[in-house]
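Since the structure comes first, as structure tokens, the remarks are kept for the end.
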Amino acid sequence: MASNIYAYVTKSPTSGNGLFAKKEVGGGELIVKLARPMIAALDYSRLEDTCANCYASKTASSIRNREYGKAGEQFFKLSACTGCKVVKYCGKVRDKRRVRFSIHGLTDRTKKCQSRAWKRHHKVNCKLFNRIPTRLLSNAVRAILQIRAMEALGTLEEHWHAFAGLESHAEQFSGQHRKYWNETEQVLSLLDQFTQEEMQIRGMAKQDLHGRVLTNSLTLVTAVFDPIGICLDPLVAASNHSCEPNAAIVMDGPELSMRSLRRIAKDEEIFIAYVDTTNPFSYRQQELSSRYFFDCSCRKCRTGSELEMEKDRNKAAVQAAGLEKLKQAKKAGAAEAVTKLEDGLKMCFECGAIGLTEQPYAALRHSLMVNLISSGKYDVGFMQGIKMYCHVEPGIFDESFHPVRVARNWVLLRLICALLADYRYREYMSELMARSGVDFAIVVYHMFQDVVDAVDKSHGRESSLAKSIGEEFEATLDTLDARDAGMKAAYSAARAAQFSKLEQLANTVEM
């Protein structure tokens, strides 16, 4: 399944096994590239709008979630599996005029996605999905069933040894997360009754299968890091955690890549982040302990534990309250989330001791931007995005090519372009440019150049995201009349002054 692997698994001096570099890699280079992870399962909420094979989304037309199975493919139809009606598959085409439906209403691509998933595991699971209420088929249950299906279809052998060597933590999960654990175990037991055999694979009981999936799965994300499910691959799961990681995971549809964030020497251990490493020390430790059952002792945490003891108690209380607002917002609809996030931002602002780049201040702002866009309040979300771009992200991400930073800049760039092109915002943007002195044609040109340069390192030159950005940049050059050497020179000469004005505009955002 792997097209490129420049890493190997061996004993780690920090914890159990680890992943190590086979050769020296520079910052922004490929370490591992998998055609797809061993297993992946969509979140229940994404079963309706996302292809269960290539993970392209029905919400592709939205500014925030726009996705591409291949560069430029924007239109597709999702069709449910005719057997179970649980999972759906896409039929994407480059041009609506080229769509040719069969008598069943499925495009050729739908057939390809459906056929590939069928051969991989769905031919075994389809009947089971049909006998269980969909709401009970959590991503963890469907992931476990995929492993069982691989065994039945004879495709598990190449993964089994590495998978069996992963940590399970079944006892800890069943003790600390009893309600969730018991609910999942009940569903698996119900499936045992349907199949008339106990859920086990090569002597591994369902509890150990369950524990391995929960402990070692990563969040399945889009190219712009919207979470859509879980995925697991034993090779990637071998990488240990650090709050100062030297590598990051990016997704391109089903394709999973690990890319370096800085230079990594030959035989140096490769670390990724299991949690948001910008969160406060105590919050990171609590999250790692409850989900992965270890305490992090990396350099950042050793320093953080000392600082935590001296930290202002009021600041800690505000951070805790802000993180709680963030949790509540994730469970709420967009409109309700905006209110909760604005309350959280206000608390951080009034505290006075929490910097713009500290958490949860930064996360609250980013989540607010996302929910404002989801609510259709593009102009307000745009201003929060400008604040993030100028004053927050440069302080959070040391690398200009950090995948999350590149993805966020791309979302903001698309938002700016949408506002400039939408007649409903023409008066607003004209007034804003007149008042601030910002020429967004120049800003867009340079933001495009920056993102085009960075995405080669963040996601890879051959990724769908890189190709999509490249195509849109070419179209934008024509729109801006920026192919002429004289115009390019003028844009370049104006960069510093225009971005200075953009920062001044960002300063007008309250809180």
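Quick note on numbering: the sequence shown equals residues 1 to 511 in UniProt numbering. The C-beta atom is built at its ideal place from N, Cα and C for all residues, glycine as well. Computed from a predicted model, the values in this text were never measured in an experiment.
Residue nearest to residue i in terms of C-alpha spacing, selected from the options
i, options, result
"V221", "A40, G385, G381, Y428", "A40"
"K387", "K501, M347, M204, R495", "K501"
"T14", "E269, G28, H161", "E269"
"L372", "H402, Q319, L341, Q193", "L341"
"F293", "E171, F448, L128", "E171"
"L412", "M369, L432, K377", "M369"
"A223", "E462, L145, T195", "E462"
"L30", "S458, S239, F194", "S458"
"R120", "A143, I132, R131, V338", "A143"
"E48", "K88, V9, K127", "K88"
"F349", "D226, C84, R135, M511", "M511"
"R36", "T277, I354, A353, V250", "V250"
"residue 555", "N130, C231, K127", "Outside the shown range of the chain, which is 1 to 511, sits residue 555, and nothing can be said about it."
"Y55", "G229, Q186, N130, A454", "G229"
"C84", "R116, R131, A117, Y6", "R131"
"Q186", "G175, Q207, H169", "Q207"
"R116", "R426, H210, C51", "C51"
"residue 517", "A475, M433, N409, A362", "No answer is possible for residue 517: it lies beyond the span of the chain, which begins at 1 and ends at 511."
"H391", "A493, A506, T277, L137", "A506"
"Q319", "H366, A353, G376, G333", "A353"
Contacts around residue i, its chain only, beta-carbon distance under 6 Å, and the 5 residues preceding and following it disregarded
i, result
"R100", "Confidence at R100 is low in this model, with a pLDDT of 31, below 50, so the placement of that residue is unreliable and no value is reported for it."
"E167", "T215"
"H241", "Y274"
"S239", "L19, I270, I272"
"G381", "M369, L372, I373"
"K77", "G91"
"D379", "Y428"
"E24", "A265, K266"
"V124", "A149, A152"
"residue 512", "As displayed, the chain neither begins before 1 nor continues past 511, which places residue 512 out of reach and without an answer."
Residue i, DSSP secondary structure in three states
i, result
"E48", "coil"
"V438", "coil"
"A506", "helix"
"D252", "strand"
"N139", "helix"
"Y55", "coil"
"A205", "strand"
"G163", "One point to set straight first is that residue 163 is Phe, not Gly, in the sequence displayed. Note: F163 maps to helix in three-state DSSP."
"N4", "strand"
"S12", "coil"
"C243", "coil"
"T219", "strand"
"I373", "helix"
"R263", "coil"
"E358", "coil"
"Y423", "helix"
"G105", "Note that G105 scores a pLDDT of 32, beneath 50, so its modelled location is shaky; the value from the coordinates is reported in the next line. DSSP places G105 in coil when its eight states are reduced to three."
"F382", "helix"
"S174", "helix"
"A35", "coil"
"P280", "coil"
"C90", "strand"
"I132", "coil"
"L156", "coil"
"S400", "coil"
Contacting residues, own chain, Cβ-Cβ under 7 Å from residue i (five flanking each side not counted)
i, result
"G344", "G322, K325, L326, P360, L364"
"R405", "E393, F397"
"Q498", "V438, D439, I442, V443"
"F473", "F448, V452"
"S12", "G18, N240, E269"
"F194", "L128, R131"
"Q200", "K206"
"C113", "C51, N53, C54, Y89, C90"
Beta-carbon proximity list for residue i, same chain, < 8 Å, skipping 5 on both sides
i, result
"R495", "I442, H446"
"A247", "I31, S239, M258, R259, S260, L261, I264, I270, F271, I272"
"P227", "D43, T219, L220, V221"
Taking 8 Å as the threshold, find out whether the stretch 28–48 comes into contact with the stretch 295–303 through three or more Cβ pairs. The answer is no - the stretch 295–303 does not touch the stretch 28–48, with fewer than three Cβ pairs under 8 Å.
With a floor of 3 residues, list each beta strand (DSSP E) that falls wholly inside the stretch 439–509, ordered by position along the chain. none
Cβ contact check for the stretch 217–231 and the stretch 245–263: 3 or more pairs under 8 Å: yes
For the stretch 150–168 against the stretch 176–191, do three or more pairs of beta-carbon atoms, one drawn from each stretch, fall closer than 8 Å, so that the two count as touching? no
Quick one: any contact between the stretch 328–339 and the stretch 271–291, if contact means 3 or more CB pairs under 8 Å? no
Touch test, the stretch 373–386 against the stretch 405–416, Cβ-Cβ under 8 Å, three pairs minimum: They touch, by the three-pair rule.
Ignoring anything shorter than 4 residues, give me the alpha helix (DSSP H) runs that lie fully in the stretch 283–356, in order along the chain. 299–310, 313–331, 334–351
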